[in-house]
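Worksheet for the structure shown next.
Number of protein chains: 2
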Amino acid sequence: MKDPERTPAGDAFAEFSITALRLAGPLTQAGDALAKPSGQTSARWQVLAAANHAPMSVADAARALGLARQGVQRIADLLEADGLITYRDNPTHQRAKLMVLTAAGETALHEIKERQAAWADRLGAELGERRLRQASALMAEIIEVLRERSSAAD
Amino acid sequence: MKDPERTPAGDAFAEFSITALRLAGPLTQAGDALAKPSGQTSARWQVLAAANHAPMSVADAARALGLARQGVQRIADLLEADGLITYRDNPTHQRAKLMVLTAAGETALHEIKERQAAWADRLGAELGERRLRQASALMAEIIEVLRERSSAAD
DNA sequence: TCGATATTGACAACATATTGTCAATATGGC
DNA sequence: GCCATATTGACAATATGTTGTCAATATCGA
Numbered sequence: 184m185k186d187p188e189r190t191p192a193g194d195a196f197a198e199f200s201i202t203a204l205r206l207a208g209p210l211t212q213a214g215d216a217l218a219k220p221s222g223q224t225s226a227r228w229q230v231l232a233a234a235n236h237a238p239m240s241v242a243d244a245a246r247a248l249g250l251a252r253q254g255v256q257r258i259a260d261l262l263e264a265d266g267l268i269t270y271r272d273n274p275t276h277q278r279a280k281l282m283v284l285t286a287a288g289e290t291a292l293h294e295i296k297e298r299q300a301a302w303a304d305r306l307g308a309e310l311g312e313r314r315l316r317q318a319s320a321l322m323a324e325i326i327e328v329l330r331e332r333s334s335a336a337d
Numbered sequence: 184m185k186d187p188e189r190t191p192a193g194d195a196f197a198e199f200s201i202t203a204l205r206l207a208g209p210l211t212q213a214g215d216a217l218a219k220p221s222g223q224t225s226a227r228w229q230v231l232a233a234a235n236h237a238p239m240s241v242a243d244a245a246r247a248l249g250l251a252r253q254g255v256q257r258i259a260d261l262l263e264a265d266g267l268i269t270y271r272d273n274p275t276h277q278r279a280k281l282m283v284l285t286a287a288g289e290t291a292l293h294e295i296k297e298r299q300a301a302w303a304d305r306l307g308a309e310l311g312e313r314r315l316r317q318a319s320a321l322m323a324e325i326i327e328v329l330r331e332r333s334s335a336a337d
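Right under this line is the structure:
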């Protein structure tokens, strides 16, 4: 995995990348476990949370979540079919309707939030706020750097 | 996203989780870009790298990569069909054959490693070795904590 | 050796997400 | 107002990954 690796910093970034990708699995599974008692999943929870933050179009939510528009569209249509959100007409855009949580959607989201709060408090206390915030800041920085590089004709 | 959130540390962990999940996408895409010139993807690269580290069964590689056995099996069968690996008989286990890179597999992996080294060196220098190592250590710790919690009847 | 238990690959179903294409609709410069 | 360009949702194809089940095979204690 580290044959032509040269600099220590490059090695550190390679290690970081592998570890970050390994983390995604357990994190998604933990989210699924939190969402499951309310009949939801990590992905559906994320979209519900985005729509609850403010009524927004599918494209808006995709940008907010850093996902492809079409993937979010798929989840949103499932949520609508299950009666957790509705599409409300958008006064400023004929096509891009706004996602709004129904009462059922609000109930589900609230339940998940309760569970997540207990879970996050427990793990946050165990892991330490300072380290978590430093790591979050670094990850946000990396997201930004990768975004710039991929949007440019690199 | 943070309604019933109580402790600062819990909030920090919630933020960390969201950011980590957001990072996975760009990171996978960057890996795909590195692997693409050799006709590979992030996922196939990971399996190639595992098999190159030492001949191992699909189940071994899945454990090493932190993925479900069946997903790795699927990738490995694709790699075999494309002639990048072969299954070698395992003297110690009749069913669990060992993945071994073919010459084509070694060539592809080497090419990707070259590209990745340049990429990681560049970003590693930009982001700082110390912060990257601290974040990696924290992520590894979280993977371990989540693993324990999910394996237990939590 | 025997038998309970775990591991392994095969197979299938499904969830998540990207990429690409298209037509409808906005947007902004002229 | 018009036109080039961008955004948006619809549709389809594909990649990645989990979960569940099953039979074959290992492993290990009695």
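Just so you know, the sequences run in chain order X and P. Residue 184 is where the first sequence starts when you use this note's numbering, and the numbers rise one by one after that. Residue 184 is where the second sequence starts when you use this note's numbering, and the numbers rise one by one after that. Just so you know, even glycine gets a beta-carbon here, dropped at the ideal spot from N, CA and C.
Return helix, strand or coil for residue i, following the three-state DSSP convention.
i: P/A279; result: strand
i: P/R246; result: helix
i: X/T211; result: helix
i: P/R271; result: strand
i: X/K185; result: Residue placement at X/K185 cannot be trusted, given a pLDDT of 46 that sits under 50; what the coordinates show is reported in the next sentence. Correct three-state label for X/K185: coil.
Among residues of its own chain, excluding the 5 on either side of residue i, which ones have a beta-carbon nearer than 7 Å to its beta-carbon?
i: P/A251; result: A245
i: P/L292; result: L231, A232, N235, L284
i: X/I295; result: L217, A218, S221, Q223, W228
i: P/I258; result: A226, R227, V230
Please confirm whether residue i and residue j have their CB atoms less than 9 Å apart.
i: P/V283; j: P/Y270; result: yes
i: X/A218; j: X/R227; result: yes
i: P/T158; j: P/D215; result: In this structure chain P extends from 184 to 337, so residue 158 of chain P is not present and cannot be described.
i: X/R305; j: P/L321; result: no
i: X/L329; j: P/P220; result: no
i: X/S200; j: P/Q212; result: no
i: P/L310; j: X/E324; result: yes
i: X/A207; j: P/A207; result: yes
In its own chain, which residues sit with a C-beta less than 6 Å from the C-beta of residue i, not counting the 5 before and 5 after it?
i: X/A242; result: R252
i: P/S319; result: none
Near residue i, which residues of its chain fall below 8 Å by C-beta distance, leaving aside the five closest residues on each side in sequence?
i: P/I326; result: G249
i: P/G266; result: T285, A287, G288
i: X/S240; result: N273, H276, A279, K280, L281, M282
Quiz item: Do the stretch 293-300 of chain X and the stretch 188-197 of chain P make contact, defined as three or more Cβ pairs closer than 8 Å?
Solution: Judged by Cβ distances under 8 Å, the stretch 293-300 of chain X makes contact with the stretch 188-197 of chain P, as three or more pairs qualify.
Exercise. Select from the stretch 238-270 of chain P all residues with a C-beta closer than 9 Å to any C-beta belonging to chain X, and list them in chain order.
Key: Residues L248, G249, L250, A251.
Self-check item: the stretch 193-213 of chain P contacting the stretch 232-240 of chain P, beta-carbon criterion three pairs below 8 Å
Solution: They do not touch, by the three-pair rule.
Practice problem: Mind checking the stretch 214-231 of chain P against chain X and listing, in chain order, the residues whose C-beta falls within less than 7 Å of any C-beta there? | Solution: From the stretch 214-231 of chain P, no residue has a Cβ closer than 7 Å to chain X.
Self-check item: Cβ-based contacts, 7 Å cut-off: residues of the stretch 273-291 of chain X near chain P
Solution: Of all residues in the stretch 273-291 of chain X, none has a Cβ within less than 7 Å of some Cβ in chain P.
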